[in-house]
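This is the structure in structure tokens:
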């Protein structure tokens, strides 16, 4: 096959991309997949092995993905309309946010209430089928974001959760949710704490905000609080139905058959098996009979207006009179008898007794380790896989699961038995020194480690100390990030996740009490020591399970306990040795099976806890306090790591190519703190540390009069002011924004700043908002962006910002090309094929103008059909209008077309770092992807500020690059290569050391280079 010489030929390539993907993509994956499955199967009992053995078909590996955010404002029909655009762009797979049935009005889909139904706000089944058909017609597949860790609860929408509230431990779904039915507080035994009230329970009750109602259609009583619905235990119906029974007797007469039937129902409800009866037979009896009795009650009420009226009167009496506290005694007594405790939302942090997604009360953790839960939540998913409508799954928050590896293995097995094996990627956040577990039967992660690796390539590592000094000088104090992270994690455990820590402390206390050598450790001492270990834990979580302890997990636990010992002020540090032995399972050696089971169960619960503490402490607290360079404060990032060397970058890519060649590559997601283009701008500051220092000094002086005094402190505080200036540099609208654009920009900035300062939890927080501080900081920001053009601030800020923005665009072009050609599966977040200067959600979930992007793409496709000279001139002209986004779109379209034409190069090809020689060698990242006699060379410049100086020039041609050249240590390829963007033929130069490709030639018309070639024999 002749290699594609021109953009027109590249554009044609993507038309066969889907066929190429299905034909060639699975080649290398089957063996790896089978090996991982075998590791799991070898650990199973002999009796299970033969039945469990299967050979899963190879997944269809995406060539590229495009993430879409579905909600009521972006539906299946709207997605179907843009499929032709995505196909023309070169996308192989639509990557969908969760679209299973979620709570009404959900903007994100992660609050699923029914895993086996589609979200009706997004579309009906027929519309979903039409989307799938359209994707298939364009040779495209689909990947779905799956949420196995939690469900949306509260509000009265989740049938399983309502069943638990109604029946407690007798519920058929009690084992579905991760509830501690025996918490430390005795009053909560057998109950679920529901922290949904806006005030203290007594105040809400006395204000008549809790209302008892009767559902006449279903014969059910329920307690309502605004949008919330709490079912009443049927065994407690007699409290309502039997209240003032003498009155009903007088009205109907003792011999009235309807009265007798009513009284029989009261007795029947009273005699229902109680919630705490452990016998399965009695639980089944309760489940059966309560529904029969409800049906009878509904019929009786419909038949008798007297009984209906009587119940209405009782409801009014139970619901009391606002301001008359005693009038709510009956309702209070009824609520006290339920399987739940209604509480003020602030109580959640201390007493919550169900596992949540982080600290979100409305998202309750599922016990996916329970086979019944897996089966009940995966029916629709497995059917869609079987029908070929889903080629892949993104597994959300696997660190929340009790045993992630077991879940992955079961999912792979169940999918394989449908005749299809999906592409699986996990939302796993890895520490800098951490590797993805090779035993997991997945293709890789969702790419946060790549996000930070690639971003670091554009941060000048040599500027670390200078940036630290100027940051410290501006805010007036040093910030030790290690200490900050430790304090932030401790803060999270004292506030948002104190309830979860209490659950763990209760579990370990029971283990300690069971051994005479540890029974003297107090609950308080154990809780404090646990918090110390968690605060010092070096990664998000460990993965110890019944299959044992791997060295990596043991090292992490030993490191954490040693660090906790050093920080602890306790007199007896042996408590840390006990906890270390428990967490590494050594405490179970030689002990009874029941003790060993408790040790393992505690350890696995502990692992579920460290992850949200790290996430909340690092991503959602420390990253909003430490502002040295905001582009480093990303999900999965480490602000302490100031940049990535070219050697480290190549090494990481080689490792990925060898071990995880199909891991996802992303630069922007629905969760990133800043979009890829914002980070690309901010990275420029590392190249201009001196100019940045002078700008900060000037702006601070110019804006001092805009600050307000709040509680004796000028607002914003220096650290927040530093944060604001970086934010403005990163998201300032390109070009010459008009009044409407600036007004919209101001709204976005206001929403973001409130979120940012509350997440920092320094001067204000979500739990205790300091509105005076927030108002002052918003007034300051508003004054900055609405200052007169001739103001001292804007006359200095705007030229500096324009320079940052221009250099940032060059950074972004380079990082876009690298993402599309590095080992892995590139993902494009909605809209990011053009410039996108978004912040954290909800800012990054704004609607995308696909119509405008289609127009830009059509123009590029028209350019591809012109003559060679016209194409070269047209591509060069894109550099004169960088702000319109076409240059970035050209890179995306061209690279994706090449991936579709040469899938073997990018899915199985080797990764070869290329040496760069010459004056500006440090400003280039170059590498080759090679397979099947074909080669694709990426040439991506970086550090444009020192390269271009202050001149408003383009990084093109010999004047900029001089003698800089890329070494080509190849023998099987001829000495002619083609520029994928322009179609121009390039010639190499032969030196004593081999062939070289002059960078001035590669980057003569466009700021980045994608060079292709074939072997002489091809």
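Residue numbers (the numbering used here): -6 to 1011. Beta carbons: idealized from backbone N, C-alpha and C, even for Gly. Here the structure is a predicted model, which is why all the values come from computation and not from measurement.
Taking only heavy atoms of the ligand COA into account, decide whether any of them is closer than 7 Å to the Cβ of residue 531. As for the ligand COA, it is missing from this structure, which has no ligand bound.
Could you please give the first and the last residue of the uninterrupted alpha helix (DSSP H) stretch that includes residue 255? For residue 255, the enclosing alpha helix (DSSP H) begins and ends at 250 to 263.
Within 10 angstroms of its Cβ, does residue 918 collect 16 or more other Cβ (buried), or is it exposed? Burial of residue 918 is indicated by the presence of at least 16 other C-beta atoms within 10 angstroms of its C-beta.
From 837, 503, 615, pick the residue whose C-alpha is nearest to that of residue 750; which is it? 615
How long is the line joining the alpha carbons of residue 22 and residue 432, rounded to whole angstroms? Because residue 22 carries a pLDDT of 26, less than 50, the predicted location of this residue cannot be relied on, and no value is offered for it.
Could you tell me which residues DSSP puts in a beta bridge with residue 204? 217
Please name the residue in 146, 679, 166, 724 whose C-alpha comes closest to that of residue 836. 724
Are there 16 or more other CB atoms within 10 angstroms of the CB of residue 112, so buried, or fewer, so exposed? The residue is buried, with at least 16 neighbouring Cβ atoms inside 10 Å.
CA nearest to the CA of residue 326, picked from 342, 367, 289, 230: 230
Cut-off 7 Å between Cβ atoms - residues of its own chain near residue 443, not counting five sequence neighbours on either side: So the qualifying residues of the chain are 658, 659, 817.
Span separating the alpha-carbon of residue 307 from that of residue 761: 40 Å
Output the distance between the C-alpha atoms of residue 414 and residue 211, rounded to the nearest integer angstrom. 43 Å
In chain order, what are the residue ranges of uninterrupted beta strand (DSSP E) at least 3 long that sit wholly in the segment 928 to 1008? 958 to 961, 969 to 972, 978 to 980, 982 to 984, 987 to 991, 1002 to 1007
So the beta strand (DSSP E) residue 337 belongs to, where does it begin and stop? Run containing residue 337: 333 to 337, per the beta strand (DSSP E) assignment.
Assigned secondary structure, residue 919 (DSSP; H/G/I helix, E/B strand, else coil): strand
Mapping the DSSP letters down to three states, classify residue 22 as helix, strand or coil. Legend: pLDDT at residue 22 = 26, less than 50; position of this residue unreliable, value from coordinates given subsequently. Residue 22 falls in the helix class under three-state DSSP.
Just grab the DSSP bridge partners of residue 418 for me. Paired residue(s): 387, 437.
In three-state DSSP terms, what is residue 107? strand
Proximity winner among 684, 828, 226, relative to residue 789 (alpha-carbon distances): 684
Look at the alpha carbon of residue 714 and the alpha carbon of residue 769, and state the distance between them as a whole number of angstroms. 12 Å
Span of the beta strand (DSSP E), counted from its first residue to its last, around residue 89: 86 to 89
Quick one: what's got a C-beta closer than 8 Å to residue 218's C-beta in the same chain, skipping five residues either side? If we look at residue 218 and ignore the five residues flanking it on each side, its Cβ neighbours are 189, 190, 197, 202, 203, 204, 335.
For residue 940, which residues in the same chain have their Cβ closer than 8 Å to its Cβ, ignoring the five residues on either side in sequence? 913, 916, 934, 948, 953
Residue 694 to residue 417 span [Cα, whole Å]: 53 Å
Identified DSSP bridge partners for residue 353: DSSP output for residue 353 lists 350 as bridge partner(s).
Please report how far the alpha carbon of residue 254 lies from the alpha carbon of residue 301, in whole angstroms. 14 Å
Is DSSP giving residue 565 helix, strand or coil here? coil
Could you tell me whether the Cβ atoms of residue 1036 and residue 92 are closer together than 8 Å? It is not possible to answer for residue 1036, since the shown part of the chain is limited to -6 through 1011.
Let me make sure I understand the geometry here. Which of 538, 284, 56, 704 has the alpha-carbon closest to that of residue 1015? The chain is shown from -6 up to 1011; residue 1015 falls before or after that span and cannot be answered.
Measure the C-alpha to C-alpha separation of residue 65 and residue 114 and round it to an integer number of angstroms. 5 Å
Are residue 354 and residue 341 closer than 8 Å when you measure CB to CB? yes
Span of the alpha helix (DSSP H), counted from its first residue to its last, around residue 325: 322 to 329
For residue 818: DSSP bridge partner residues: Under DSSP, residue 818 shares a beta bridge with 657.
CA-CA distance, residue 124 and residue 383? 12 Å
Can you tell me whether residue 1000 is buried or exposed? The criterion is at least 16 other CB atoms within 10 Å of its CB, across all chains shown. buried
Beta-carbon contacts of residue 109 that lie in its chain and below 6 Å, excluding the five residues immediately before and after: 372, 373
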